[in-house]
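Protein chains: 2
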Amino acid sequence: MDKIRIIADAMGGDNAPDAIVEGALSARDASDIALTLCGDAEAIRAAARKCGRSLEGVEIIDTPVSVEMDDDPMCVIKSKRDSSMALGLKALKEGRGDAFVSAGSTGALTVGGTFIVKRMKGIRRAGIGALLPTDTKPVLLMDSGANNVCIPQDLVTFATLGSVYMNKIMGVERPAVGIANIGVEPHKGTDLQVEAYKLLQQSGLHFIGNAEVRDIPFGVCDVVVCDGFTGNIFLKTYEGTAKMMSANIKRILKKNPVTLIGALFVKGGFEALGRKLDAKSYGGAPLLGLNAPVIKAHGSADAQTFANTIAQARRMAEQRVVETIRESIQTTGGASDEGNP
Amino acid sequence: MDKIRIIADAMGGDNAPDAIVEGALSARDASDIALTLCGDAEAIRAAARKCGRSLEGVEIIDTPVSVEMDDDPMCVIKSKRDSSMALGLKALKEGRGDAFVSAGSTGALTVGGTFIVKRMKGIRRAGIGALLPTDTKPVLLMDSGANNVCIPQDLVTFATLGSVYMNKIMGVERPAVGIANIGVEPHKGTDLQVEAYKLLQQSGLHFIGNAEVRDIPFGVCDVVVCDGFTGNIFLKTYEGTAKMMSANIKRILKKNPVTLIGALFVKGGFEALGRKLDAKSYGGAPLLGLNAPVIKAHGSADAQTFANTIAQARRMAEQRVVETIRESIQTTGGASDEGNP
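So the protein sequences, as listed, match chains A and B.
For the first sequence, our numbering gives the first residue as 1, with consecutive numbering after it.
For the second sequence, our numbering gives the first residue as 1001, with consecutive numbering after it.
Spelled out as structure tokens, the structure:
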């Protein structure tokens, strides 16, 4: 069997290019993939030297331009069409690789994925699936920020995409799907949630109804669907609250000599909790609904996290997630204006 | 000076009427208020006997009907116009009291407040202000669930109402107002947030821009404004995440004999954290924008919590919150369809 070919944006993320190049090369060394790196060739070679890994066999798409975090997301198809992100997505579109990974701007990656790789037939909006750690199991939250405004059919699409992903990549046999909402009753929420509820009941998916957002941290279902604004509000509230609680736990344990003694007895448990709730442990966030796998790695990804995200991209290609989604969309029904954002 | 007159719905909440009657009577005994109780007179008298407090001087509005949690909120102005909640709101409207408190259905209280007590001139939507405990200080989140869908002007109204409340009741000199959003930049969010941003800049309020929801648990401003759907999503995610973290803390401390020893050294700190993050410590949630003070007590309110909420209602009347709001709305500008929900 041919090697899976991963294209990586060497210039995206807080720690690019050094940690990105190191992570990509270590993933290449750990598994049998073919690697293409997009970015400033000189900087890529310097980064490879620094971490002591070989660039032999690695294709480099050389460009001095990269997308910055404060750039307008549209730049990736306008003023920065020759950026490392845009050229990587173009290479993916042209079949010169099987999946693309970037730790760069989420907005630009969404625009680039939509306009360069393009959405598959029957999909009105691609969505970002964030894999959330919860008390009991990982939950895929989708859309987590690509589309601020959605129509009910989009939530059915996200449910289909998310169900395939959780099945193929996370091994969940029959993913339970819920709508992120302010209560469990079918009439709760705005028109979006009420109408999506009716559509999901007829979708043939394993729809369990509304997921009260209060219950999501306990892992109430496998796939939670919502518009991107609500998803992003949920995600950031979840992160912010966990961060605030963690800061308080640290202060309590370090308060005085007495608590420091107590801390010795319990710190193992709190370290394990920190690991359990670390979103990075699951890799990056897939942009689902496109014609090929695109994954957003964490902006703060270090080498190890980026290597994990490359491994995740490889699984998406191996497991034929995109092909399975294409078949599923035909079953659950697509939306009308495919191809037109 | 005449006594402040508080009207309480004796039949609302999980612990009604016993805990509600006990809480109301103990608040009456602790401070110099005149009390009116609405509900089944026989049940109210039985509850008073149980807690050993006198009903002397207490006016009772006797009715056998009460609003149940699963009733349609509209019932309060339709099939249950003679319920304890509806009759209490009517008494408030007629000036037979200075403030009304109920631990019953939030939806019914919002409908009843809007249609019986009515919104003041210049206010298109009344909103529920939830006082959130955060790491550093209480934050008023408004609207926290009365209006799923809002227009930009509503957020300016909520900002005005919330600023007056935080100033008069919580003693914040110049409350800082932020929009609950997915980022701090002015272009973030949907049209609602983008347009409200522009209006708030011109409002004369102490507007500090967007409040990234990730930062709200750290107390980034005093008043956070949003539509009621977003507010309710935030509130329930915040509660659910804190609950999940607390459950983990308990499990960690109780895991085995070794951690139980450690727990002895640190449990005081965790108990204090629990108290700090207990929303009930601030009393109930005011329904702001009406012609008289209406407060929603926690559905699970016990006698002490209900007594605190009565004290809060008394402060709202004493501090002339409604009158101050009426003056402020004229300064910051009202919305067009006042009086028509």
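Yeah, the Cβ is synthetic: ideal placement off N, Cα and C, and Gly gets one too.
Proximity winner among the options, relative to residue i (alpha-carbon distances)
i                       : options                        : result
residue 116 of chain A  : A:95, A:128, A:133             : A:95
residue 53 of chain A   : A:203, A:192, A:19             : A:19
residue 193 of chain A  : A:231, A:51, A:123, A:273      : A:231
residue 1291 of chain B : B:1030, B:1114, B:1050, B:1003 : B:1114
residue 1174 of chain B : B:1223, B:1210, B:1028         : B:1223
residue 63 of chain A   : A:41, A:122, A:71              : A:41
residue 1003 of chain B : B:1317, B:1158, B:1205         : B:1317
residue 34 of chain A   : A:248, A:177, A:93, A:314      : A:314
residue 1176 of chain B : B:1071, B:1047, B:1058, B:1207 : B:1207
residue 32 of chain A   : A:330, A:310, A:130            : A:310
residue 132 of chain A  : A:101, A:166, A:13, A:147      : A:166
residue 1202 of chain B : B:1153, B:1235, B:1149, B:1270 : B:1153
residue 1277 of chain B : B:1144, B:1027, B:1245         : B:1245
residue 50 of chain A   : A:80, A:60, A:16               : A:16
residue 307 of chain A  : A:27, A:249, A:257             : A:27
residue 273 of chain A  : B:1262, B:1253, B:1288, B:1209 : B:1253
residue 5 of chain A    : A:57, A:191, A:233             : A:57
residue 1268 of chain B : A:204, A:255, A:225            : A:255
residue 48 of chain A   : A:21, A:38, A:29, A:301        : A:21
residue 1156 of chain B : B:1199, B:1139, B:1190, B:1130 : B:1199
Cβ neighbours of residue i in the same chain (closer than 7 Å, five flanking residues each side left out)
i                       : result
residue 1112 of chain B : 1076, 1077, 1085, 1086, 1089
residue 1348 of chain B : The structure shown does not extend to residue 1348 of chain B, since chain B spans only 1001 to 1341, so no value can be given for it.
residue 1298 of chain B : 1103, 1280, 1284, 1305
residue 1338 of chain B : A caution first: residue 1338 of chain B carries a pLDDT of 41, below 50, which makes its placement in the model too unreliable to give a value.
residue 107 of chain A  : 73
residue 178 of chain A  : 208, 209, 210, 211, 220, 221, 224
residue 1331 of chain B : 1204
Residue interval of the beta strand (DSSP E) (run including residue i)
i                       : result
residue 1287 of chain B : 1285-1288
residue 100 of chain A  : 99-102
residue 1296 of chain B : 1294-1296
residue 116 of chain A  : It is not in any beta strand (DSSP E) - residue 116 of chain A carries neither H nor E in the DSSP assignment.
residue 7 of chain A    : 4-9
Per-residue contacts from residue i into chain A (C-beta, under 9 Å)
i                       : result
residue 1278 of chain B : Here the premise fails: no neighbours, minimum Cβ distance about 14 Å.
residue 1149 of chain B : 190, 191
residue 1252 of chain B : 266, 268, 269, 270, 272, 273
Cutoff 8 Å; reference residue i; Cβ partners in own chain excluding five residues on either side
i                       : result
residue 1212 of chain B : 1181, 1182, 1183, 1184, 1220
residue 136 of chain A  : 218, 219
residue 1319 of chain B : 1168, 1169
residue 1134 of chain B : 1216, 1217, 1218, 1219
residue 322 of chain A  : 120, 290, 291, 292, 293, 316
Span of the alpha helix (DSSP H), counted from its first residue to its last, around residue i
i                       : result
residue 1308 of chain B : 1303-1318
residue 147 of chain A  : Element bounds for residue 147 of chain A: n/a, residue is neither H nor E.
residue 51 of chain A   : 41-51
residue 1055 of chain B : Segment: none, residue 1055 of chain B is in no alpha helix (DSSP H) and carries neither H nor E.
residue 266 of chain A  : 257-276
residue 108 of chain A  : 106-112
residue 96 of chain A   : Looking at the DSSP string, residue 96 of chain A is not in any alpha helix (DSSP H), and its letter there is neither H nor E.
residue 28 of chain A   : 18-30
Own chain residues within Cβ distance below 6 Å of residue i, not counting five before or after
i                       : result
residue 328 of chain A  : 160, 164
residue 1083 of chain B : 1065, 1066, 1067
residue 1007 of chain B : 1036, 1088, 1091, 1092, 1097, 1100
residue 1336 of chain B : Note that residue 1336 of chain B has pLDDT 46, beneath the 50 cutoff, so the model's placement of it is unreliable and no number is given.
residue 1059 of chain B : 1036
residue 23 of chain A   : 303, 306, 307
residue 1262 of chain B : none
residue 1148 of chain B : 1228, 1229
Partner residues on chain B for residue i, Cβ-Cβ distance less than 8 Å
i                      : result
residue 258 of chain A : 1265
residue 167 of chain A : Going along chain B, no residue has its Cβ under 8 Å from residue 167 of chain A, so there is no contact; the nearest lies around 25 Å.
residue 232 of chain A : 1182
Proximal chain A residues relative to residue i, where beta-carbon distance stays under 7 Å
i                       : result
residue 1245 of chain B : 242, 245
residue 1218 of chain B : 244
residue 1255 of chain B : 269
residue 1238 of chain B : 237, 241
residue 1224 of chain B : What residue 1224 of chain B touches in chain A: nothing, since even the nearest Cβ is about 11 Å away.
residue 1215 of chain B : 240
Within chain B, the residues that residue i reaches when beta carbons sit closer than 7 Å
i                      : result
residue 210 of chain A : Chain B residues near residue 210 of chain A: none, gap ~12 Å exceeds 7 Å.
residue 229 of chain A : 1182, 1189, 1190
residue 331 of chain A : In chain order: nothing, as chain B lies at least about 30 Å away.
Which runs of the beta strand (DSSP E) fall wholly inside the stretch 207-240 of chain A and span at least 3 residues, in chain order? When DSSP assignments are scanned along the stretch 207-240 of chain A, the uninterrupted stretches of beta strand (DSSP E) that are 3 or more residues long and fall wholly within it turn out to be 207-212, 223-225.
Fully enclosed by the stretch 1126-1199 of chain B, which beta strand (DSSP E) runs are 3 residues long or longer? Qualifying beta strand (DSSP E) stretches, in chain order: 1130-1132, 1139-1142, 1177-1181.
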